[in-house]
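Chains as they are written, first to last, in our numbering: chain A, 1482 to 1549; chain B, 1482 to 1549. Backbone N, C-alpha and C fix where the C-beta goes; we use that ideal spot for every residue, glycine too. The structure under discussion appears below in the form of structure tokens.
This is the structure in structure tokens:
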């Protein structure tokens, strides 16, 4: 996992924050210089470390919005 | 990962389906008999295999709904 390059293109929102300051966030992220995807993931304070998460396409985000 | 027990309590919706029939789904799932959590994850046809994903609390889902 150490070789993955990413850039947070847009911080869309924070879903929650735990006692250690890790936040579950929805962001728009470019992985390895690819086209940006939506991403729900845990992040350490200041985005210094990242946890597991899912990436979502624009279409998947739109379906999710419809379902919720 | 083989020892994780889960039960799909409610199938809420399908976000997408790929060429191999795997679907990205939003479900309510009980992991290891714990209280059910919302879950966005890839699933093989018939829920025979599961991929990576994120679990979300009710509060996180509500924040997500607000953000989207």
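By alpha-carbon distance to residue 1504(B), the top candidate from 1510(B), 1514(B), 1521(B) is 1521(B).
Cβ contact annotation for residue 1486(B) (same chain, cutoff 6 Å, sequence separation greater than five): 1513, in chain order. Contacts with chain A (Cβ-Cβ distance below 7 Å) from the segment 1493 to 1526 of chain B involve 1493, 1494, 1496, 1497, 1505, 1507, 1521, listed in chain order. DSSP, read as helix, strand or coil, puts residue 1547(A) in helix. Between residue 1549(B) and residue 1545(A), the CB-CB gap stays under 8 Å.
Around residue 1539(A), no beta-carbon contact reaches into chain B at under 7 Å, the shortest distance being about 11 Å.
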